[in-house]
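Going down the list, the sequences are from chains A and B. Quick note: the first sequence uses numbering that gives the first Met the number 0, first residue 0, plus one each step. Quick note: the second sequence uses numbering that gives the first Met the number 0, first residue 0, plus one each step. Structure record follows, encoded as structure tokens.
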Amino acid sequence: MTDQTASLSSFKSEEAQKKLRKRHWAERRFRMYGIAAILFALAFLVFLFTSIFTQGWSAFLQTSVKLPVEFSREVINPSGNPEAEDEIFQANFVKLAREGLYKELGIDPKDRKVRRDANRLLSRGVDVQLRDMVLRDPSIIGTTEDVWLLASDNADALLKGSIDRETPNDRRAVNDQQVAWIDQLVDNGDMKKKFNTGLFLNGASSNPETAGLGVALIGSFFMMLTVILLAVPLGVCAALYLEEYAPKGKIADTIEVNINNLAAVPSIVFGLLGLAVFINFFGLPRSASLVGGLVLTLMTLPTIIITTRAAIRAVPPSIREAALGVGASKMQLIGHHVLPLSLPGILTGTIIGLVQALGETAPLLMIGMVAFVVEYPATPLDPATGLPVQIYMWASSAERGFVERTAGATMVLLAFLIVMNSLAVYLRNKFERKW
Amino acid sequence: MSSLTILAILFGAGTLAYFIGRRRSIQACGGQQQNLHSRPSYHGFYLAILTALPAIILLVVWSLAERPVTRYVAMQELPASVVEGSDAQQSLTMSVVDTIAEGVPKLSAQEFEVLRKARLGFATTSDARDILVRHSVILGSNPDPNVLGAAFKLAEARATSRFLLPIACFAVAGLGFLWGYTRIRPGLRARNIVERVMRSGLFLASTVAVLTTVGIVLSVLFETIHFFQFVSPFDFLFGTVWDPRFATVGQAEGQFGLLPLLWGTLFISLVALLVAVPVGLFAAIYMSEYAGSKVRAFAKPVLEILAGIPTIVYGFFALSVFGPLLRDLGFNIGLEISASSVLTAGIVMGVMIIPFVSSLSDDIMNAVPQSLREGSYGLGATQSETIKKVILPAALPGIVGAILLAASRAIGETMIVVLAAGIAANLTLNPLEPVTTITVKIVSQLTGDLEFNSPQTLVAFALGLTLFVITLGLNVYALYIVRKYREQYE
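Below you can see the structure in the form of structure tokens.
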């Protein structure tokens, strides 16, 4: 009896209480570590997204300047023959744009230094812009029109605030004179930021203001098409065989281990495979989106097989037995019941595989998709780039304007991935069945 | 006619055969469908398969064989010195032959005559070159008469092959159709045949995954052996200097020491694991042991976003934001941190692999039987004591597996290090300095002009093989541990 009270009181003793408090404190601390770990990951995610967004949103706007351009016949088409397209291709459109600029700014075109400063306000891509206008509508030759032309990347950077006006004149990329002109143009409403359609339409360019994602988007589209056409049927068929037909044993085990390991092979090794097999052995062209699609197909195949197998396994045995019981053959059971019932799962897995394929860069570098492609690829065999490869190429360029473009392109890529992932989640929630 | 057109026509023919086969089977039983062994649509599929499948197989085999066969034919025209010469010389000559043969069909009859004369020595080869240049066939030097001869042979062989291919395919399709058509009768077991064909198709699809692995191993191994003809395996595996120099065909002047690259790879992966393991493990503990179902349902997918973000995005982030940030931070506290230091790449990569640690560890801790927890609580342990003394030891093998999988991810990761790690191979212990990795060097050796006969290019395959072996080893071991662990509690 006394022993018990003694031990009971020893629980309430100062010493025991202190120990208990310490243990409870350790408990709370341990719990805080867990919360801190999750918060760390979350904070990093938020930091990543905001830093890309703050750098990238301005890429969707591009500064243009409105100039009165005189499409003079002597410069564009001196022979007067409207059929002479090579004349138009050789015409000095830059001169026309610059003359419009001198008129707009009211400066003396004779002063060479002033002229040079003014020229730097215009993008080097204005000649293509004007030429395309003339080719589209030759009747404007000989007239004077107000045209919105691209401003140079430095003018663009000043307007977007990435060039600091407080920097001393000699260290600033735009000098005081140019700043004054830009302010003048902005006040007149002749220079403003407009939505940047060129970002989505243009091909490769060494000037940031005329570089766009057009070729990359088409290349990525071709690659996704190849993946859908090849990886989905192959993956689903393979999964069906492994789940429904493969005799359990050594062979099935080998294939199973093989697929799991293939899913974890570094993506760059798939690039080496593509280079050695598709390009070197089969002689397919380098930089072609078909080769990219084939490599990505092999890469996404394990993902699709694994998810499809899980979806097939979830079909309850009662349905199989009922179908077999009324005399269906195995193939009819698969075609009429197993496939339709596991379709939502297969679809989700497919989208997850596509998301993975769309964001993959490393194997594409191996098969030469780091290419400077200006023209839209017409077929999957033409040279092309892909969205992530374009990001890589822009990220490695030195000009300031490309940093903004890179972040903008990253936002486009992330937008695609978010849409596709949301679709996968939506499909899963809508069609998920509990048996 | 291109292979694609032939394929499309064969598909069309197959569809047509389906309908004909159906009709035929209904006619054959006099409209009494109950007398058929298989339903009419199976007869349709039977006829479609017989029509299209053999022809498509022929088309594929022919297309694959065309290049090597025509090449062999053209090779016969070349003098023995080229045929028996080195691989490099052979492939160089053949690529010239190839480009000329591309241009031959574009020539007019007159221009062709000049080329023919040039081949026989009656016209100068520079004339021939001028004509070819006019058809945008760019040559480095005046073509050798022998080369012109081989190019003619090649162009001729190609033209013959292109002419014969559609005829052969359509003949096979027609024969298949006729044979199948005569065989359709009520007793034909069309369904069994169709299903057997489909089953073989499924089996073939499942071998693609295996073939991919075989393909990876063979292609990488083959080129690696090629590489070891230039550089001894010992120098590669144990060399401490990485200095490949420029690609000069056939001369192994550079040094190809693997060790600095391997060290760089392991160093960056180690930093990544130092970030990912504590964060991932604590996140997993919190999610599986403390969090309510709502928090868990939110936190788990959010953490998995980290693994879903393309690695190029991490690379760009490390290059443009995180690297400069670390450098400025170091500058403020008096440390000199390079913008492409081990820390930059390692930390960003660590964040990327957090979900690989956390998700699998979370699943594994959830699989620890509830009875173990309750036993521990019954003895008076607090929750954290239960986790530390009971659950973690029980789940340890699985967690180790998860960490190994994450490590294999980190070792094989490319884009983060290509953008954010160094270029120079550096054997250093200082995490503030840049190092380079195996993957970075694979990329830098393989971008730009490729010459498949120089050790400078081939070394990329040796590096790839090294990478493949390391990651495969880690994966096989990790999957083995996880599997073993799962069985323990089932």
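Glycine residues also receive a C-beta, built at the ideal position from the N, C-alpha and C atoms. Remember, it's a predicted structure, so these values are computed and weren't measured experimentally.
Express the C-alpha separation of residue j and residue i in angstroms, rounding to a whole number.
i	j	result
A/Ala394	A/Asp131	29 angstroms
A/Asn206	A/Ile345	44 angstroms
A/Gln177	A/Ala203	28 angstroms
A/Pro137	A/Glu208	26 angstroms
A/Asp163	A/Gly400	15 angstroms
B/Leu490	A/Val268	The structure shown does not extend to residue 490 of chain B, since chain B is modelled only from 0 to 489, so the question has no answer here.
B/Gly249	B/Gln88	Note that B/Gly249 has pLDDT 48, beneath the 50 cutoff, so the model's placement of it is unreliable and no number is given.
A/Thr1	B/Gly377	Because the pLDDT of A/Thr1 is 49, which lies under 50, any placement of that residue in the model is unreliable, and the question is left without a value.
B/Phe321	B/Ile304	19 angstroms
B/Met364	A/Ala370	47 angstroms
A/Glu103	A/Ser57	26 angstroms
A/Leu38	B/Ser360	18 angstroms
A/Lys17	B/Lys387	21 angstroms
B/Ala7	B/Val193	22 angstroms
A/Leu149	A/Ala397	21 angstroms
A/Ile258	A/His335	27 angstroms
B/Thr264	B/Ala338	18 angstroms
B/Ala100	B/Lys116	16 angstroms
Looking only at C-alpha atoms, which of the options sits nearest to residue i?
i	options	result
B/Ser24	B/Leu473, B/Asp234, B/Phe460 and B/Ser40	B/Ser40
B/Asn145	B/Thr92, B/Val171 and B/Leu106	B/Thr92
B/Gln31	B/Arg184, B/Ala154 and B/Ser231	B/Arg184
A/Gly213	A/Glu398, A/Phe46, A/Val276 and A/Val388	A/Val388
A/Leu340	A/Glu165, A/Phe371 and A/Arg308	A/Arg308
A/Gly105	A/Leu200, A/Glu144 and A/Gln183	A/Gln183
A/Thr299	A/Ser317, A/Ile278 and A/Gly358	A/Gly358
B/Val481	B/Gly400, B/Ile469 and B/Leu445	B/Gly400
B/Val301	B/Ile336, B/Leu257 and B/Val350	B/Val350
A/Asp116	A/Asp175, A/Glu86, A/Gly188 and A/Leu157	A/Asp175
B/Ser205	A/Gly197, A/Asn187 and A/Pro232	A/Pro232
B/Gly472	B/Val417, B/Pro433 and B/Gly411	B/Gly411
B/Asp143	B/Val417, B/Phe355, B/Leu35 and B/Thr124	B/Thr124
A/Phe48	A/Gln355, A/Ile250, A/Leu412 and A/Arg427	A/Leu412
A/Ala90	A/Phe70, A/Ile250 and A/Asn257	A/Phe70
B/Ser37	A/Ala327, A/Ala238, A/Asp85 and A/Leu363	A/Ala327
B/Thr446	B/Val417, B/Val136, B/Leu428 and B/Trp61	B/Val417
A/Ala287	A/Leu41, A/Asn201, A/Asn76 and A/Tyr375	A/Tyr375
A/Ser63	A/Met410, A/Asp126 and A/Asp155	A/Asp155
According to DSSP, residue i sits in a beta bridge with which residue or residues?
i	result
A/Gln61	A/Lys193
A/Ala150	A/Leu121
A/Pro284	Bridge partners of A/Pro284: none, in fact.
A/Thr143	A/Glu69
B/Gln254	B/Asp242
A/Ala77	Just to set this straight, residue 77 of chain A is Pro in the shown sequence, not Ala. Looking at the DSSP assignment, A/Pro77 forms no beta bridge with any residue, so it has no partner.
A/Gly382	Per the sequence presented here, residue 382 of chain A reads as Pro, with Gly not at that position. BP columns for A/Pro382 point to A/Ala287.
Here's the rule: buried if 16 or more other CB atoms are within 10 angstroms of the residue's CB, otherwise exposed. What is residue i?
i	result
B/Ala409	buried
B/Phe162	exposed
B/Thr247	Residue confidence is low: B/Thr247 scores 49 on pLDDT, short of 50, so the model does not pin down where it sits. No coordinate-derived value is stated.
A/Gln128	buried
B/Ser241	Before going on, a small fix: residue 241 of chain B reads as Trp here, not Ser. It is buried - the Cβ of B/Trp241 has at least 16 other Cβ atoms within 10 Å.
B/Trp262	buried
B/His42	buried
A/Arg97	buried
B/Met0	exposed
B/Gln26	exposed
A/Trp24	exposed
A/Val201	Checking the sequence, you will find Asn at residue 201 of chain A rather than Val. When all chains shown are included, A/Asn201 counts as buried.
A/Ala275	buried
A/Thr196	exposed
B/Leu210	exposed
A/Glu84	exposed
Query raised in the report: Which residues, in chain order, does the region 275-305 of chain A contribute to contact with chain B at a C-beta distance below 7 angstroms?
Result: The residues in question are Ala275, Val276, Asn279, Gly282, Leu297, Leu300, Pro301 and Ile304.
Query - Cβ-based contacts, 9 angstroms cut-off: residues of the region 25-46 of chain B near chain A - result: none
Query raised in the report: What residues in the region 75-103 of chain B have a beta carbon less than 8 angstroms from any beta carbon of chain A?
Result: none
Query raised in the report: Listed in chain order, which residues of the region 56-82 of chain A have Cβ atoms closer than 8 angstroms to some Cβ of chain B?
Result: none
Requested in this report: Below 7 angstroms between beta carbons is the criterion; list the residues of the region 378-394 of chain A that meet it against any residue of chain B, in chain order.
Outcome: Pro387, Ile390, Tyr391 and Ala394
Requested in this report: Pull out every residue of the region 241-255 of chain A whose Cβ sits closer than 9 angstroms to any Cβ of chain B, in chain order.
Outcome: Leu241, Glu243, Tyr244, Ala245, Thr253 and Ile254
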